[in-house]
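Protein chains in written order, with the working numbering: chain A, -3 to 350; chain B, -3 to 350.
Shown next, in structure tokens, is the structure this report addresses.
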DNA sequence: GTCCGGATTGGCAGCGCTGCCAATCCTTGC
DNA sequence: GCAAGGATTGGCAGCGCTGCCAATCCGGAC
């Protein structure tokens, strides 16, 4: 190892023209590309080219540079790199919540695909609040990302304006029911709701109730709800009752919601939940109170979580391709595809609870 | 609005000395701080000061600047800001998985606290692979973060070296059983395992089995396992049998794991699972096969997920302060606290399954 | 009216890296 | 042996913003 340097720091040179950095008690400064260039006795651009495998250079040069990098423990500064080059390799991802496993799934798909393309993701959470969405979108845009992945098609005017004005590519996920800004990847929540209604009606259920969570915030759940009512209508039915808890969806909300609804509408023969978490709560209520499922009460969820498949009776639900949606959106953004709508569809899982 | 400019772009000036940017068909370029300064007829540093509420300026100036910002739709470029100032406002977070809700919980706590401090987070996932951890740590370090949050205390030598050499603050989370690099926030997995064993032994269970997942990758689960065996040993007991599935933890792995174990060791009277997801799967197995819980078989989990609390019989488990750990680590990192170990402890929940 | 000290303000040199362009080094062909 | 043309290479001007420092302004105090 050379004098005065350790793996990650070099002695800071004492004056502006002295580049040798051998001042004795000087402060330490991070290793830069210039340090590597000096160590390898090549130009800065050459180091840059080698590190990015971009442009041409000889095998001998590559070896010298890589050697110097290893010797100095150089870590490239992507902040500087991004500023200097025109486009960043960053994608911002905006999701409403980390509590519902649906969004980590989306993240999983997106980050995996992104990584493959050499992109990194920055994540922000809105808590289902459109004002917070506007704020985090602004915050993400200040990193000059190559693209943004947001959830749903509904945004307040400020968010919409910022997104449009920024000129960055935007992918809106998990919904295709409505006009999108640019790239849209998802499935129809409305159709999913309708399909659920048709399924229950087709099975002969007539006294069907709905247990949902905060629909004002979760617009996709609201669309499923609307689609569900439509589907019931087509079958000549109407909701026999409904219970909406003001909180986000959860097993707890589902359990207590079903309990409350049954107290009001005891002769329900089926319950449609705003998602699988809620439905699992409902299932637990039935188990705890000895209500035979689906004989006494049928249950239907949404999302197709693993846990539903493993219940003693597999949950009747709709499986949504969340991971795939994240991955598809990421790939489209990276590839610079034209504005488009990708409807990935969904799959109705009959299960054994309805 | 001035001629030739719209909300987010200004006409690019045709030559290097012409700053007026009124070339007719020129390309568009993003609005910069210099544009705002010109529009507000103040200096660049003044705009910078106003935007960061840092330094002093008159009320009149603030109004003019904010006016210009609004008129031009200026979005500050944090890439440039970070490069120019010494420290970034970024914290990197490295987690092993997004599939297990534990890590989104950690993220939730961390991002909430970080946001409050004006920091942004960049997230990377390792899939429980130490080599991938090394790679993503390198990748995160290239953003020159102010700090890094990683999971667990076990890292391969390369990761350790990079972390140390980088000079950035590091917080290691969710475990306190072992030496840390810098800041450590978590709880003792070993003690949790031992406490679980003592609880089961104290309740009179004697034929106790273990159902776990891939312990080679999940070092914290391995520590709980070790602690559990120790705890049993103190009570004069030994594991009556164990089943390890090679996959990550899941409801499915728990259900099938218990089934397999019971096939081999039918007279088990209690089952300790590597976590609540696994335990939920075990519970489902019992329900599906009519095994009375806890009379025929007691169940014990780990993590204290909501779902366990809402089962018909609340799950006996250990509640871990995951969200709090994320938040604590984030706050310590931001505040520049000294290296320290924070043991947040855990809480044994008796539940009704043991 | 003049002077003083604090409040404001503007200028400008970098932060570390990349893109462009010119300089240099090899080959290969004749 | 010489020139043409591609392969390598180095120099350096920014990318957009912040930090430092000097310049300017302002409101009393004298």
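Don't be surprised by glycine CBs; every beta carbon is placed ideally from N, CA and C.
| If contact means a Cβ-Cβ distance below 8 Å, which residues of the stretch 45 to 76 of chain A contact chain B? | Cβ contacts with chain B: 69, 71, 72, 73, 74, 75 and 76.
| Looking only at C-alpha atoms, which of A:102, A:48 and A:194 sits nearest to residue 234 (chain A)? | What you label residue 234 (chain A) is simply residue 238 of the first chain in a count that begins at 1. Just measuring C-alpha positions, the residue of A:102, A:48 and A:194 sitting nearest residue 234 (chain A) is A:194.
| field | Near-chain B residues of the stretch 307 to 318 of chain A (beta-carbon distance less than 9 Å), N- to C-terminal order | value | 307, 308 and 309
| Which residues bound the alpha helix (DSSP H) around residue 116 (chain B)? | On the second chain, position 120 is the one that residue 116 (chain B) refers to. Counting along the chain, residue 116 (chain B) falls outside any alpha helix (DSSP H), though it belongs to the beta strand (DSSP E) covering 116 to 121.
| query | Can you give, in chain order, each stretch of the alpha helix (DSSP H) that sits fully within the stretch 29 to 109 of chain A and has at least 4 residues? | reply | List check, alpha helix (DSSP H) in window: 29 to 36, 40 to 48, 55 to 68 and 74 to 80.
| When burial is assigned at 16 or more other CB atoms within 10 Å of the CB, is residue 215 (chain A) buried or exposed? | Here residue 215 (chain A) is taken as the residue at index 219 of the first chain, counted from 1. That one is buried.
| message | What are the residues in the stretch 102 to 121 of chain A lying within 9 Å of chain B by C-beta distance? | response | 103, 104, 107, 108, 111, 116, 117, 118, 119, 120 and 121
| request: Between the Cα of residue 187 (chain B) and those of B:115, B:348, B:171 and B:278, spot the shortest distance and give me the residue it belongs to. | output: Position 191 of the second chain holds residue 187 (chain B). Ranking the options by Cα distance to residue 187 (chain B), first place goes to B:171.
| So, helix, strand or coil for residue 280 (chain A), using DSSP? | Here residue 280 (chain A) refers to the residue found at position 284 when the first chain is read from its first residue. Of the three classes helix, strand and coil, the one that applies to residue 280 (chain A) here is helix, per DSSP.
| task | Could you name the residues of the same chain whose beta carbon sits closer than 8 Å to that of residue 38 (chain A), not counting the 5 residues immediately before and after it, in chain order? | result | The residue given as residue 38 (chain A) occupies position 42 in the first chain. Same-chain partners within the cutoff: 57, 60 and 61.
| said: Counting C-beta neighbours from all protein chains within 10 Å, is the total for residue 277 (chain A) 16 or more, i.e. buried, or is it exposed? | reply: One-based indexing of the first chain puts residue 277 (chain A) at position 281. Under this definition residue 277 (chain A) is a buried residue.
| task | Check the DSSP bridge columns for residue 299 (chain B) and list the partner residues they point to. | result | Translated into the one-based positions of the second chain, residue 299 (chain B) becomes position 303. Paired residues: B:315.
| message | Please classify residue 141 (chain A) as buried or exposed, where buried requires at least 16 other C-beta atoms within 10 Å of its C-beta. | response | As a first step, residue 141 (chain A) must be located in the first chain, where it is residue number 145. Its Cβ being crowded by 16 or more others within 10 Å, residue 141 (chain A) is buried.
| query | What do you reckon, are the CB atoms on residue 183 (chain A) and residue 224 (chain A) nearer than 7 Å? | reply | Stepping through the first chain from its first residue, residue 183 (chain A) is reached at position 187. Stepping through the first chain from its first residue, residue 224 (chain A) is reached at position 228. For residue 183 (chain A) and residue 224 (chain A), no; Cβs fall outside 7 Å.
| said: Please return the same chain residues whose Cβ sits closer than 8 Å to the Cβ of residue 328 (chain A), not counting the five positions on each side in sequence. | reply: By 1-based counting over the first chain, the position of residue 328 (chain A) is 332. Excluding sequence neighbours, residue 328 (chain A) sits near 167, 179, 181, 336 and 338.
| query | Is any beta-carbon of chain B found at less than 7 Å from that of residue 244 (chain A)? | reply | Mapped onto the first chain, residue 244 (chain A) falls at position 248. Not one chain B Cβ lies under 7 Å of residue 244 (chain A).
| said: I'd like the list of long-range same chain contacts for residue 212 (chain B), defined as Cβ closer than 6 Å, with 5 residues on each side in sequence excluded. | reply: Locating residue 212 (chain B) in the second chain gives position 216, where the first residue counts as 1. There are no such residues.
| said: Between residue 115 (chain B) and residue 85 (chain B), how many whole angstroms is the CB-CB distance? I'm expecting something under 8 Å. | reply: Counting from 1 along the second chain, the entry for residue 115 (chain B) is found at position 119. Counting from 1 along the second chain, the entry for residue 85 (chain B) is found at position 89. Contact flag correct, Cβ pair sits at about 5 Å.
| query | Between which two residues does the alpha helix (DSSP H) containing residue 189 (chain A) stretch? | reply | One-based indexing of the first chain puts residue 189 (chain A) at position 193. Annotation: the continuous alpha helix (DSSP H) that includes residue 189 (chain A) extends over 185 to 198.
| Between which two residues does the beta strand (DSSP E) carrying residue 206 (chain A) extend? | Numbered from 1 along the first chain, position 210 holds the residue referred to as residue 206 (chain A). Residue 206 (chain A) -> beta strand (DSSP E) spans 204 to 208.
| query | Relative to the alpha-carbon of residue 325 (chain B), which residue among B:124, B:165 and B:125 has its alpha-carbon at the smallest distance? | reply | Here residue 325 (chain B) is taken as the residue at index 329 of the second chain, counted from 1. Selection B:124, B:165 and B:125 evaluated against residue 325 (chain B) yields B:165 as nearest (Cα-Cα).
| message | My output table needs one value for residue 248 (chain B): the three-state DSSP class, helix, strand or coil. | response | Counted from its first residue, the second chain places residue 248 (chain B) at position 252. Three-state result, residue 248 (chain B): helix.
| said: Per the DSSP calculation, residue 237 (chain B) is bridged to which residue(s)? | reply: What you label residue 237 (chain B) is simply residue 241 of the second chain in a count that begins at 1. Per DSSP, B:205.
| field | Same chain only: Cβ atoms within 6 Å of residue 128 (chain B), ignoring 5 sequence neighbours per side | value | The residue labelled residue 128 (chain B) in the question sits at position 132 within the second chain. Here the set comprises 122.
| Can you round the beta-carbon distance between residue 191 (chain B) and residue 314 (chain B) to whole angstroms, since I take them to be within the 8 Å contact cut? | Walking along the second chain from the start, residue 191 (chain B) turns up at place 195. Walking along the second chain from the start, residue 314 (chain B) turns up at place 318. 7 Å between Cβ atoms; contact.
| query | Taking 7 Å as the CB-CB limit, is residue 7 (chain B) close to chain A? | reply | Numbered from 1 along the second chain, position 11 holds the residue referred to as residue 7 (chain B). Only weak support is given to the placement of residue 7 (chain B): the predicted model assigns it a pLDDT of 44, under 50, and the question is left unresolved by the model.
| said: In the DSSP assignment, the beta strand (DSSP E) including residue 269 (chain A) goes from what residue to what residue? | reply: The residue you call residue 269 (chain A) lines up with position 273 of the first chain. Unbroken beta strand (DSSP E) run through residue 269 (chain A): 266 to 269.
| Who are the neighbours of residue 302 (chain A) on chain B, taking C-beta pairs under 7 Å? | Counting from 1 along the first chain, the entry for residue 302 (chain A) is found at position 306. Chain B residues near residue 302 (chain A): 246, 247 and 248.
| task | Would you tell me roughly how many angstroms separate the C-alpha atoms of residue 285 (chain A) and residue 264 (chain B), rounded to the nearest one? | result | Along the first chain, read from residue 1 onward, the residue named residue 285 (chain A) stands at position 289. Along the second chain, read from residue 1 onward, the residue named residue 264 (chain B) stands at position 268. Rounded to the nearest angstrom, the two C-alpha atoms are 28 Å apart.
| task | Determine, using beta-carbon pairs with one atom in the stretch 295 to 303 of chain A and one in the stretch 72 to 83 of chain A, whether at least three such pairs fall under 8 Å. | result | no
| field | Sequence ranges, alpha helix (DSSP H) only - wholly within the stretch 137 to 177 of chain B, length at least 4 | value | 153 to 162
| message | Please classify residue 130 (chain A) as buried or exposed, where buried requires at least 16 other C-beta atoms within 10 Å of its C-beta. | response | In the first chain, residue 130 (chain A) corresponds to position 134, counting from 1. By the 10 Å Cβ count, residue 130 (chain A) comes out buried.
| query | Quick one: Cα of residue 248 (chain A) to Cα of residue 209 (chain B), how far? | reply | Your numbering for residue 248 (chain A) matches position 252 in the first chain. Your numbering for residue 209 (chain B) matches position 213 in the second chain. Between the alpha carbons of residue 248 (chain A) and residue 209 (chain B) lies a gap of roughly 27 Å.
| What separation, rounded to the nearest whole angstrom, lies between the Cα atoms of residue 306 (chain B) and residue 65 (chain A)? | Within the second chain, residue 306 (chain B) is the residue found at index 310, counting from 1. Within the first chain, residue 65 (chain A) is the residue found at index 69, counting from 1. Answer to the nearest angstrom: the Cα atoms are 55 Å apart.
| query | What's the gap between the Cα of residue 196 (chain A) and the Cα of residue 75 (chain B)? | reply | Taking the first chain and counting its residues from 1, one reaches residue 196 (chain A) at position 200. Taking the second chain and counting its residues from 1, one reaches residue 75 (chain B) at position 79. Between residue 196 (chain A) and residue 75 (chain B), the C-alpha separation is close to 53 Å.
| field | Close beta carbons around residue 155 (chain B), own chain, < 6 Å, minus the five adjacent residues each side | value | Along the second chain, read from residue 1 onward, the residue named residue 155 (chain B) stands at position 159. 129, 130 and 133.
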